[in-house]
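Read through the structure below, which is laid out as structure tokens, and then see the notes.
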Amino acid sequence: MLELYFHIQGTSSPPNNIQQILQVPPDSSTALSAMPSSSLATEDARYRASSQHRLWSMSTSALAAKRRENNATAREQISSRRQQIWEYENKPLAQRTLDFLTPEDELKLVNFNTNELLRAGAHLEFPIEVLATGAILFRRFYVTNSIMTYPPTQILKTALFFAAKVELGFDKVARRFEQLPKTSVEEVIAGEYVLAMANKFAYDVRHPFRALEGAILELRRLGGPDITEKKLNHVRRKTRDLLKFSPLITDAYFHYTPSQIMLAALSIIDRELSERLLNSLFQPPSNEDAPSGTSTPLSGGSTPLPVAAFAAQMRDRVMGTIEACREMLKTQPLEHGHYWHTGPGSAETKPLRRKLKSCHDPDRWDLLRLQRMRREQPAKVAGEKDKAGGEDDPFGEAGPEAKRRKVKKEEEEDPFGPALG
């Protein structure tokens, strides 16, 4: 049953293979085969082939480095362009100053606008899968770009629109966005290309919701005097509510698998049930079912470990990962929905939003203008080629007739006269 949680119906699995995430030595295949799992290799290969793992799974340090790099690049580009504009406008030197956002400021604004995206999606009555996918596409966008380069208030609408197409399978939803204040269909669609490019044209987002359903089924199967249907329904509802917010406002999707996120959320709601579930996952088979002499060496050593000890070691390592994810989710509890909208989070980001208005990229802030320029570019290039004449045309400006005149002129100027016959 181990793959049920790490690979529930192909929707989730460890970031690398099971041995790497648990730091299990490569020669531990005998003990792994003795664990309660039958398709680790198949499910692991499926996850490793997913774009979510290949492109968007990274460590906390790598993610922080990307954000610092984006911030530095944006500062340099915006400063250079603003200087050109100031030179053209003859702006006094004393007024040529820019107060840029820091990477930490940018992350606060990303969190704030992610919450705004969730509010907009709820207002438009999209299902949670659309909201969650839109939130992750939005956060991926600002892992690739600085928030000073493209306007978050427009990108969040485009991300939500894109998610609706991905999850619902049709694209006739743009008109629905006119229900939002100061929003047009053209504005929503304008950012599609830059959003797709920033997401590396990979739209596969795997969520922990189905893994939660599998966990509830397994807890129901385990049973026990303290596991009643009423309790399971309560835990499921509370955990699902938490999954609808906390992982989406944090960076959990970049660092943990959907199943790890689910188990972390479950442990916040009911730690006892979460630990019982984990214990059942790593419960070794009975002696009569285990292969004779089954053991595995310790990492970096040669002393054999019985299957039971190996299972306990694996459980502890997985529990450590889930505990780290749990602490991340706790930084954005469910109540923070109001925190970011009308509470301290909104007040904290208000000066940052004001600062963003004065330090954004003047060339890429207007997505509608960028879209028009991209559409006009092919016609502009074609017009320049027409004006250039025979540069790219083997027949010259007027085709075969011009070539005939050129040949005739060369023959007339030939000191030996035209060809005989």
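Be aware that the sequence shown starts at 1, since it is given in UniProt numbering, and climbs by one per residue.
Don't be surprised by glycine CBs; every beta carbon is placed ideally from N, CA and C.
- It is roughly 6 angstroms from the alpha-carbon of residue 188 to the alpha-carbon of residue 157.
- Secondary structure of residue 350 (DSSP, three-state): helix.
- Cβ atoms of residue 115 and residue 341 come within 8 angstroms of each other, at about 6 angstroms.
- If you draw a straight line from the Cα of residue 155 to the Cα of residue 225, it comes to about 50 angstroms.
- In the same chain as residue 203, and ignoring 5 residues on each side of it, the C-beta atoms closer than 6 angstroms to its own belong to 166, in chain order.
- Boundaries of the alpha helix (DSSP H) harbouring residue 153: 152-168, taken from the DSSP string.
- Nearest neighbour of residue 150 by Cα position, chosen from 76, 181, 362 and 373, turns out to be 362.
- Residue 98 counts as exposed, since fewer than 16 other beta carbons sit within 10 angstroms of its beta carbon.
- For residue 219, the three-state secondary structure derived from DSSP is helix.
- With a 10 Å radius around the Cβ and a threshold of 16 neighbouring Cβ atoms, residue 360 comes out buried.
- Counting of Cβ neighbours within 10 angstroms places residue 53 among the buried residues, the total reaching 16 or more.
- The alpha-carbon separation between residue 86 and residue 133 amounts to approximately 41 angstroms.
- Residue 314 sits in a helix when the DSSP states are folded into three classes.
- Secondary structure of residue 370 (DSSP, three-state): helix.
- Remark: fewer than three beta-carbon pairs, one from each stretch, lie closer than 8 angstroms, so the segment 176-184 and the segment 128-145 are not flagged as touching.
- According to the DSSP assignment, residue 178 belongs to no alpha helix (DSSP H), since it is labelled neither H nor E.
- Excluding sequence positions up to five before and after residue 50, its CB lies within less than 8 angstroms of the CB of 204 and 206, all in the same chain and listed in chain order.
- For residue 183, same chain residues with a beta-carbon under 7 angstroms away, outside a window of 5 residues either side, are 157 and 177 in chain order.
- Annotated three-state conformation of residue 120 is helix, per DSSP.
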